[in-house]
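Contents: one structure, followed by commentary.
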Amino acid sequence: QVAYSSSDAYSTTNIQKVRVSDMKFDLGIQYTQPFGKDKSLTLGAVYSPKMKVNGTSYNYTIVGSSENQGDTIRGQKFDMPNSYGAGFTFVKKDKYMFGADVLYQQWKDTRFFDNSEAFNNRFRVGFGGEYTPDAMARNIFKRMKYRAGAYVNNSYVKIDNSGYDEYGASIGFGIPMLDNRSVVNLVFEYVKIKPEISKLIDEQYFKFTVNYTFNERWFYKQKIK
Numbered sequence: 516q517v518a519y520s521s522s523d524a525y526s527t528t529n530i531q532k533v534r535v536s537d538m539k540f541d542l543g544i545q546y547t548q549p550f551g552k553d554k555s556l557t558l559g560a561v562y563s564p565k566m567k568v569n570g571t572s573y574n575y576t577i578v579g580s581s582e583n584q585g586d587t588i589r590g591q592k593f594d595m596p597n598s599y600g601a602g603f604t605f606v607k608k609d610k611y612m613f614g615a616d617v618l619y620q621q622w623k624d625t626r627f628f629d630n631s632e633a634f635n636n637r638f639r640v641g642f643g644g645e646y647t648p649d650a651m652a653r654n655i656f657k658r659m660k661y662r663a664g665a666y667v668n669n670s671y672v673k674i675d676n677s678g679y680d681e682y683g684a685s686i687g688f689g690i691p692m693l694d695n696r697s698v699v700n701l702v703f704e705y706v707k708i709k710p711e712i713s714k715l716i717d718e719q720y721f722k723f724t725v726n727y728t729f730n731e732r733w734f735y736k737q738k739i740k
């Protein structure tokens, strides 16, 4: 964006948007090892191969308050990177669960508009857990699910030839309904984005999410012996 302080001049903004539409597939494997009647360990891994996807780019120019659509270029190819992930989860039924996962994406080997230096490789680590004091108790606070987690990753996008790091942490609560099957989930999340160079602005925000997990047995077929 180019901005001028004079009232006789107009600020100019150039915008480029890219829309990608294609098919992509991932390969995964998972193994669960039970321990006794109520404990289990699950290990998993996933691989997403590098591929080219079809896209369309749109170029806009805004001069003052007027927007002019420029070029629309169809049939362009964009790279998606090799991606590797792995993780584990340990569960004790109706009591607790904890796990962690890692993700590595080779964005540095991809091209964007014939630019091979637009991205950094991305690495992400996350972990979290859930605890239920007493799943069969009458007290709702003992039947609630208490959750917490955190993650850290670096951005694959370069800004002024450098990237930024992102940190996040969350706490949550799963409030069971009277039937003990459906659950109202509350999540409080904090995220901080910190650029690698000091002249860019740090960003931090809080996010609150509410959702409802609906587990009614509408299509359960009863059998009479």
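With positions in the sequence shown counted from 1, the corresponding number in my numbering is that position plus 515.
We put the beta carbon where it would ideally sit given N, CA and C, even for glycine.
For residue i and residue j, what's the separation of their Cα atoms in angstroms?
| i | j | result |
| --- | --- | --- |
| Ala-601 | Gln-620 | 12 Å |
| Thr-557 | Gly-643 | 15 Å |
| Asp-717 | Tyr-679 | 9 Å |
| Asn-730 | Thr-528 | 49 Å |
| Pro-648 | Ile-655 | 10 Å |
| Asn-726 | Phe-634 | 35 Å |
| Arg-658 | Phe-688 | 11 Å |
| Leu-542 | Ser-526 | 48 Å |
| Asp-594 | Trp-622 | 9 Å |
| Leu-701 | Glu-645 | 13 Å |
| Gly-614 | Thr-604 | 4 Å |
| Leu-618 | Asn-630 | 24 Å |
| Ile-708 | Tyr-573 | 28 Å |
| Glu-632 | Val-672 | 10 Å |
Can you list, in chain order, the residues of its chain whose CB lies under 6 Å from that of residue i, leaving out five sequence neighbours each side?
| i | result |
| --- | --- |
| Asp-537 | Val-568, Asn-569 |
| Ala-560 | Ile-544, Ala-601 |
| Val-606 | Ser-555, Met-612 |
| Ser-598 | Ser-563, Gln-620 |
| Pro-710 | Tyr-679 |
| Asp-616 | Gly-602, Gly-641 |
| Ile-530 | Tyr-575 |
| Val-699 | Ile-690, Tyr-727 |
| Ser-670 | Gly-678, Tyr-679 |
| Thr-724 | Val-702 |
| Ile-712 | Ser-677 |
| Lys-532 | Tyr-573 |
| Arg-696 | Asn-730 |
| Gly-551 | none |
Where does residue i land, buried or exposed, given buried means 16+ other C-beta within 10 angstroms?
| i | result |
| --- | --- |
| Pro-549 | exposed |
| Thr-547 | exposed |
| Thr-625 | buried |
Between the options, which has its C-alpha nearest residue i's C-alpha?
| i | options | result |
| --- | --- | --- |
| Lys-722 | Ile-712, Leu-715, Phe-703, Ser-713 | Phe-703 |
| Arg-534 | Gly-687, Tyr-720, Phe-627, Asn-635 | Phe-627 |
| Gln-591 | Tyr-575, Ala-665, Thr-571, Lys-539 | Thr-571 |
| Lys-714 | Ile-674, Lys-707, Thr-728 | Ile-674 |
| Lys-565 | Phe-540, Tyr-546, Thr-547 | Phe-540 |
| Glu-681 | Gly-614, Thr-604, Val-706 | Val-706 |
Cβ atoms of residue j and residue i: under 8 Å apart, would you say?
| i | j | result |
| --- | --- | --- |
| Phe-638 | Asn-668 | yes |
| Ser-685 | Ala-652 | no |
| Gly-683 | Tyr-661 | no |
Go through its chain and collect everything with a Cβ distance to residue i's Cβ below 7 Å, but skip five positions before and after it.
| i | result |
| --- | --- |
| Ala-650 | Asp-609, Arg-658 |
| Pro-510 | No answer is possible for residue 510: it lies beyond the span of the chain, which begins at 516 and ends at 740. |
| Tyr-720 | Val-706 |
Quick one: residues in its chain with C-beta nearer than 8 Å to the C-beta of residue i, no 5 flanking neighbours on either side, listed in chain order?
| i | result |
| --- | --- |
| Met-692 | Val-698, Val-699 |
| Asp-553 | Lys-607, Lys-608, Asp-609, Lys-610 |
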